[in-house]
Amino acid sequence: MKKPRSAEVFTFHRALVKVPGVELIQLNHEGSRCNYKKIRFKFTSAFEVTFAANRSLRRGLNSTTDLLHVHERGMMKSAGHALLSSFTPPYIFPKNNYRRFPPNLLCGTSSSKSRKLYAYQQNHHSHPKSSMVVEQYLPPWFSVAPMMEWTDNHYRTMARLVTKHAWLYTEMLAAETIVYQEKNLDRFLAFSPEQHPIVLQIGGNNLENLAKATRLANRYGYDEINLNCGCPSPKVAGHGCFGVRLMLDPKFVAEAMCVIAANTDAPVSVKCRIGVDDHDSYEQLCDFIYKVSSQSPTRHFIIHSRKALLNGISPADNRKIPPLKYEYFYALLRDFPDLRFTINGGINSIDEVRAAQQEGAHGVMVGRAAYHNSWSMLGNVDTAIYGAPPSGVTRRQVLEKYQVYADSVIGMYGNSKPSLRDLVKPLYGLFWGEPGNGVWKRNADSAFHQCKTFKSLMEETIMAIPDSVLDSPIVASSSTTRVDKFLDSKNLLPLPYTPKEQEQEHELLYA
1 MKKPRSAEVF TFHRALVKVP GVELIQLNHE GSRCNYKKIR FKFTSAFEVT
51 FAANRSLRRG LNSTTDLLHV HERGMMKSAG HALLSSFTPP YIFPKNNYRR
101 FPPNLLCGTS SSKSRKLYAY QQNHHSHPKS SMVVEQYLPP WFSVAPMMEW
151 TDNHYRTMAR LVTKHAWLYT EMLAAETIVY QEKNLDRFLA FSPEQHPIVL
201 QIGGNNLENL AKATRLANRY GYDEINLNCG CPSPKVAGHG CFGVRLMLDP
251 KFVAEAMCVI AANTDAPVSV KCRIGVDDHD SYEQLCDFIY KVSSQSPTRH
301 FIIHSRKALL NGISPADNRK IPPLKYEYFY ALLRDFPDLR FTINGGINSI
351 DEVRAAQQEG AHGVMVGRAA YHNSWSMLGN VDTAIYGAPP SGVTRRQVLE
401 KYQVYADSVI GMYGNSKPSL RDLVKPLYGL FWGEPGNGVW KRNADSAFHQ
451 CKTFKSLMEE TIMAIPDSVL DSPIVASSST TRVDKFLDSK NLLPLPYTPK
501 EQEQEHELLY A
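Numbered per the UniProt record's numbering, the sequence shown spans residues 1 to 511.
In C-alpha cells:
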C-alpha cells in the first residue's frame, strides 16, 4: 500500500468527519511533518471529545490520547482514548477498515470509563461478502494463554460456553505447518464464530513463510495475530531456532512483524519473556521492546515475567526455576506509555488478575489456571473483570451444549481424530476440587474403550458428580491469595530506560 504524504493524511482526517452528525470543531495542523496539536470532534449525541497529539507521524504515536492514522507498511498505525469507541458511532471509521484499529485503541484500565466496546469488521472465510458485519467485543483485559496441546478447538469451544468476554488464543502454529498444509487448512485454522474474540499465535523464523502463513490465515477472520517470541521448548527455541530465541534478534522480529502486518487485516502483537539466559537485564528487555515497536506496527506486547533458560531444561522447569520479576513488567508501563502491555506468568486466581489490573496492567493473561481450574477461573471472568451480570449458567448446561459440538466433530479427520479422549480432555477442569471429580475421571478413562459417542460416555459416567455440583451456577471466587504481590514489585522498579539514540543525541547536544 502506498504511503501517503502528509497532505494526504490531512485529507484523510477531513474525510473522517464527513459523516452525518459529526462536526469538526478544531483541527490545528503544523508544517510538512503533519504534527497535529489538537483535534476535536462533536457528535449529535452531545458528546465532545478532544484528542491531542504531540509527536511527528514519522516517529510514531506518543500518547494514548492520540487519534492519528497513517498507512505504513500496509497497516494503519493507530492509538486512541478509550472514550472514542463508546462516543463514536460505527460509521465514523473509514469503510472496510474496522479491523485496522488494534485493541490499543482502548488503553486498558479497569475503570468504568474505559469499559467500552470497540468494533471492527469480521470477514469469515466461508462467506467473504455476506459476512461483512460489525462485531463488538470488550477489550482483552483477560486472555487465556496459548498452550501447545491444550488450547485447541475443543478447549476453546468449552471455554466460550463458560465466558463470553475472555480472549482466547490458539495453540502456537508453526508458519511452515500452515504453508505446507494449505490444502488442509480447516483442520488447523477453522473455528466456530462463537469463539470470537480469538487470537492466532504463529511461530517461525522465515519471513517468506510467515508472510504466506499469515495471508492464508487471514481469510479465517482472527481478531489478532500474535508472534511467539517466548516459547523456551528445545524443539522450538533449540532445533527450530524460533520462539524465545527470537528475542536475541529484535531487528528480525521487527521485520517479521512488518511482514505479518502487511498480510493481515487484524492487529498484530508479540508474546515474549523478560530475557534469555544471560541476556536478562531490564535494559536489554527495553532494547527489544523499543526496536520492535519503533520499527514495526506492533503496539501490544504480552510479557511472561520470567526469563527463559536455553540449557536444555524442560518447558515445565522454565515455568518454575527462573524467578518472576513483575517489576520489569510494571517498569515497561512507565517507560513505554504509548504501548499496551499484558502481564503473564504465575497468576492463578481472579483476585490476582484484579490486583494486577489495579496496579496498572492493561491486560492479564492466564495459562494453566484457566485450564486446570476452568470453572472457577473462567466462570468469574465476565462478572469480576468485565462487570457483566451473572449468567446463571450451570455445568450441566455447559456439558449439554458441548455434547452437541463433540458428537458433531468426533472422527472428522479420519483415524478416529479427534478421538473421544481428545474431546473429554478439556472438561477435567470443570470439576476441579469438587466431590466425585476423581471417580468421574477414572470412570471416563475406563469408558473410552467401549463408548463411541460423547453422549454415551456422559450417560455412562456423569452420575459420579453430584446433582448439587452439576446444577449450581458459578459462585463468585473467594480466594485468599495475596493481593499485594504486584504492589511489592512496584517498589522494586529498575531505573528508567532511555533509548541509546536519545542518549547519543543528548551527548552531542551538550558536548
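Just so you know, even glycine gets a beta-carbon here, dropped at the ideal spot from N, CA and C. Quantities reported herein were computed from a predicted structural model and do not represent experimental measurements.
Three-state secondary structure assigned by DSSP to residue i
i      : result
Pro390 : coil
Trp167 : strand
Arg319 : coil
Lys149 : Checking the sequence, you will find Glu at residue 149 rather than Lys. Glu149 falls in the coil class under three-state DSSP.
Met463 : helix
Asn226 : strand
Thr342 : strand
Phe142 : strand
Pro197 : coil
Phe191 : coil
Leu332 : helix
Ile178 : helix
Gly203 : strand
Ala370 : helix
Ala308 : strand
Ser131 : For Ser131, the predicted model reports a pLDDT of 31, less than 50, meaning its position is unreliable; a value from the coordinates is still stated below. Three-state result, Ser131: coil.
Cys107 : Reliability fails at Cys107, whose pLDDT of 34 lies under 50, so the model's placement of it is uncertain and the value that follows must be treated cautiously. Cys107: coil per DSSP, three-state reduction.
Val162 : helix
Val469 : helix
Tyr497 : coil
Tyr326 : helix
His279 : strand
Tyr413 : coil
Thr64  : Note that Thr64 scores a pLDDT of 31, beneath 50, so its modelled location is shaky; the value from the coordinates is reported in the next line. Note: Thr64 maps to coil in three-state DSSP.
Whole-angstrom C-beta distance between residue j and residue i, which should lie under 8 Å
i           : j      : result
Asp335      : Tyr497 : 4 Å
Lys291      : Lys251 : 7 Å
Arg306      : Ile347 : Wrong, their Cβ atoms sit about 12 Å apart, outside the cutoff.
Leu210      : Ala175 : 5 Å
Trp440      : Ile410 : With a Cβ gap of about 20 Å, Trp440 and Ile410 do not count as contacting.
Tyr282      : Ala361 : Not a contact, Cβ separation roughly 17 Å.
Cys258      : Ser296 : 5 Å
Tyr220      : Leu189 : 5 Å
Cys229      : Cys272 : 4 Å
Leu487      : Thr394 : At roughly 36 Å, the Cβ-Cβ gap does not stay under 8 Å, so Leu487 and Thr394 are not in contact.
Ile225      : Ala266 : 5 Å
residue 541 : Leu227 : Residue 541 lies beyond the stretch modelled for the chain, which goes from 1 to 511, so this question has no answer here.
Val253      : Val276 : No, Val253 and Val276 are not in contact; Cβ-Cβ is about 13 Å, not under 8 Å.
Ala201      : Pro146 : Residue identity differs from the one stated: residue 201 is Gln in this sequence, not Ala. Indeed, because the Cβ distance is near 4 Å, the residues count as touching under 8 Å.
Among the options, nearest to residue i - alpha-carbon criterion
i           : options                        : result
Asn205      : Thr177, Val199, Ala217         : Thr177
Val199      : Ser269, Ala159, Asn263         : Ser269
Ile303      : Phe288, Ser296, Ala316, Gly312 : Phe288
Tyr402      : Val381, Ala384, Trp432, Thr453 : Thr453
Trp141      : Leu173, Gly414, Gly230, Thr383 : Thr383
Asp186      : Asn218, Lys164, Pro197, Gly203 : Asn218
residue 513 : Met147, Phe431, Leu161         : The chain is shown from 1 up to 511; residue 513 falls before or after that span and cannot be answered.
Asn380      : Ala355, Leu216, Ile350, His196 : Ile350
Val475      : Ser192, Ser456, Ser374         : Ser374
Gly392      : Glu359, Pro473, Glu171         : Pro473
Ala444      : Ser489, Gly433, Pro499, Met463 : Met463
Lys500      : Ala369, Lys164, Cys286, Ala254 : Cys286
Ala261      : Thr214, Leu378, Val398, Ala370 : Thr214
Gln450      : His279, Gly345, Arg421         : Arg421
Trp150      : Trp432, Arg442, Tyr428, Thr461 : Tyr428
Asn491      : Pro146, Phe329, Asp467         : Phe329
Pro340      : Glu352, Ser408, Lys325, Gln357 : According to the sequence as given, residue 340 is Arg; it is not Pro. It is Gln357.
Leu430      : Lys455, Glu460, Leu378, Met412 : Leu378
Host alpha helix (DSSP H) of residue i (start-end)
i      : result
Lys291 : 282–294
Val409 : 395–409
Val353 : 350–358
Phe486 : 485–490
Leu207 : 207–218
Where the beta strand (DSSP E) through residue i begins and ends
i      : result
Ile260 : Per DSSP, Ile260 belongs to no beta strand (DSSP E); it is in the alpha helix (DSSP H), 250–262.
Val364 : 363–366
Val381 : Here Val381 belongs to no beta strand (DSSP E), and DSSP marks it neither H nor E.
Arg273 : 268–273
Ile303 : 300–304
Please list the segments of the beta strand (DSSP E) lying wholly inside the segment 418–447, counting only runs of 3 or more residues, in order along the chain.
none
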